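Notes follow once the structure below has been shown.
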Amino acid sequence: MMSSGIDGLSSVKSEKSTDKIIRQIRRGILKGDLQPGTFLGSEKDLSELFEVSKQTLRETINALEYMGLVTRKKGPGGGVYICRVSEKMAHDLLFNFFCFQQLSPEHLSEMRIALEPLAARAAAENITAELLARLKGLNMASEKAFKKGDFNEVDDYAVLFHKEIGKASGNPLIAFTLSFVEDLLSQIKAIINVDREFAGNVIMAHKKIYRAMKAGDPAGAAIAMLEDVEDVGAGLLRLSRKAALVPINDNGEDPSVFSYLASALQKE
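Note that my numbering numbers the sequence shown so that position 205 is 1383, with each residue one more than the last.
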């Protein structure tokens, strides 16, 4: 049996091969043994290492590539390498999952209400001049877009504003979750057409959040963020019903996020 120079990788001959290989790769990444750029070997080497057929190994590598955990390189020095999963790929996989979960705009707002004030508080506690400069720049860009009447562009900058605060929270799970939620919401807002009232309220709310951040007031930043998130939730409800892309369900509930997106595609 061939042995590996990488701890934790060994034959999977006695188990369901594909799942076992994937489990070993994931465990190696979690332990820190497999870092982005780590060379696992050629497909021939890996087939011998795991004691599986070339076809089974190829199917496994395809699955790992789809997950974003490995990449293939051809030519001299070619083979299979560990790679870092991109945020976009992770978002896409989550998006596919939630397509079947009847996720409503209210669910997204509830998640934001739970997490965004926490992110704002943490960001304010660790505020830096660089973060303040980025937030100020985004607010200025939003105002410029508002003056020329491009309210969707206002929202684009608003999404970046929230993502910056999420990253500044210092919690990668909060940052990723909020980034995913913001991306979903931005798709809805693009469909229902953000209006002057909505965009103006967002700009005022973000100025208030910025002032609290600049003052080094974590509690004030959290309160301002909560007010912003609640106002956005109410604004989305108003705009979505005004757009009437999807009728209210028979049980009186608003339709899922993906119903909005599907309706928009049907109108194109």
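Backbone N, C-alpha and C fix where the C-beta goes; we use that ideal spot for every residue, glycine too.
Computed from a prediction, not measured in an experiment: that's the story for all the values here.
In its own chain, which residues sit with a C-beta less than 8 Å from the C-beta of THR1196, not counting the 5 before and 5 after it? As a working mapping, residue 1196 is identified with position 18 in the sequence shown. Taken in chain order, the residues that qualify are THR1234, GLU1237, THR1238 and ALA1241.
Using C-beta distances below 6 Å, list every residue in its chain close to MET1289, excluding the 5 sequence neighbours before and after it, in chain order. As a working note, residue 1289 is residue 111 in the sequence shown. VAL1359, listed in sequence order.
DSSP three-state call for GLY1348: helix, strand or coil? Stepping through the sequence shown from its first residue, residue 1348 is reached at position 170. Residue state, collapsed to three classes: coil.
Rounding to the nearest angstrom, what Cα-Cα distance links ARG1201 and SER1264 in this structure? What you label residue 1201 is simply residue 23 of the sequence shown in a count that begins at 1. What you label residue 1264 is simply residue 86 of the sequence shown in a count that begins at 1. If I take the Cα positions, the gap works out to 20 Å.
Stretch-stretch touch, CB-based, cutoff 8 Å, three pairs: the stretch 1294–1311 with the stretch 1334–1347: yes
Looking at LYS1232 and ASN1317, is the spacing between their C-beta atoms short of 8 Å? Stepping through the sequence shown from its first residue, residue 1317 is reached at position 139. Stepping through the sequence shown from its first residue, residue 1232 is reached at position 54. In this structure, LYS1232 does not lie closer than 8 Å to ASN1317 by Cβ.
Determine the direct distance from the alpha carbon of LEU1212 to that of ILE1203, and round the result to whole angstroms. By 1-based counting over the sequence shown, the position of residue 1203 is 25. By 1-based counting over the sequence shown, the position of residue 1212 is 34. Roughly 8 Å between the two C-alpha positions.
Proximity winner among ILE1260, LEU1224 and THR1306, relative to LYS1392 (alpha-carbon distances): Counting from one through the sequence shown, the residue named residue 1392 turns up at place 214. LYS1392 has its Cα closest to that of THR1306, out of ILE1260, LEU1224 and THR1306.
Whose C-alpha, out of LYS1367, PHE1273, LEU1415 and GLY1327, is nearest the C-alpha of THR1355? Here residue 1355 corresponds to residue number 177 of the sequence shown, with the count starting at 1. Comparing Cα positions, the closest option is PHE1273.
Are at least three pairs of beta-carbons, each pair with one atom in the stretch 1373–1385 and one in the stretch 1321–1332, less than 8 Å apart? yes
To the nearest angstrom, how far is it from the Cα of ILE1426 to the Cα of LYS1209? For this step, residue 1426 is matched to residue 248 along the sequence shown. For this step, residue 1209 is matched to residue 31 along the sequence shown. Low local confidence applies: a pLDDT of 47 at ILE1426 is under 50, so the model's placement there is unreliable, and no value is given.
Who are the near neighbours of ILE1387 in its chain, counting only those whose CB is closer than 7 Å to its CB and skipping five residues on each side? Sequence index remark: in the sequence shown, residue 1387 carries index 209 (1-based). The residues are ALA1298, ALA1399, ALA1402, MET1403 and ASP1406.
Cα separation between ASP1361 and LYS1266? Stepping through the sequence shown from its first residue, residue 1361 is reached at position 183. Stepping through the sequence shown from its first residue, residue 1266 is reached at position 88. The straight-line gap from Cα to Cα measures roughly 10 Å.
List the endpoints of the continuous alpha helix (DSSP H) containing GLY1463. The requested residue 1463 does not occur in the structure, where the chain is confined to residues 1179 to 1446.
PHE1217 to VAL1230 span [Cα, whole Å]: Position 39 of the sequence shown, counting from 1, holds the residue named residue 1217. Position 52 of the sequence shown, counting from 1, holds the residue named residue 1230. Going by the C-alpha atoms only, they are around 19 Å apart.
Count the other CB atoms, across all protein chains shown, that sit within 10 Å of the CB of GLU1308; report buried if there are 16 or more and exposed otherwise. The count along the sequence shown starts at 1 and reaches residue 1308 at position 130. It is exposed - the Cβ of GLU1308 has fewer than 16 other Cβ atoms within 10 Å.
Spatial neighbours of SER1220 within its chain, please: C-beta separation below 6 Å, excluding the five flanking residues on both sides. On the sequence shown, residue 1220 is found 42 positions in, with the first residue counted as 1. Closer than 6 Å at the Cβ level, and outside the excluded window around SER1220, lie GLY1257.
Could you check where the beta strand (DSSP E) with ILE1305 kicks off and where it finishes? Residue 1305 sits at position 127 when you count from the first residue of the sequence shown. Careful: ILE1305 lies outside any beta strand (DSSP E) and carries neither H nor E.
Would you mind sorting ALA1412 into buried or exposed? The rule is 16 or more other CB atoms within 10 Å of its CB. Here residue 1412 refers to the residue found at position 234 of the sequence shown. Taking all protein chains shown into account, ALA1412 has fewer than 16 neighbouring C-beta atoms within 10 Å of its C-beta and is therefore exposed.
My output table needs one value for LEU1286: the three-state DSSP class, helix, strand or coil. The residue labelled residue 1286 in the question sits at position 108 within the sequence shown. If DSSP states are grouped into helix, strand and coil, LEU1286 belongs with the helices.
Could you check whether ASP1333 and SER1364 sit closer than 8 Å to each other, using their CB atoms as the reference points? Within the sequence shown, the letter at position 186 stands for residue 1364. Within the sequence shown, the letter at position 155 stands for residue 1333. Their beta carbons are under 8 Å apart, which means SER1364 touches ASP1333 by this criterion.
For PHE1217: DSSP bridge partner residues: Taking the sequence shown and counting its residues from 1, one reaches residue 1217 at position 39. Bridge partners of PHE1217: TYR1259.
Contact set for LEU1338: own chain, Cβ-Cβ below 6 Å, skip 5 residues either direction: Residue mapping note: residue 1338 aligns to position 160 of the sequence shown, counting from 1. Cβ neighbours of LEU1338 beyond the five flanking positions: LEU1316.
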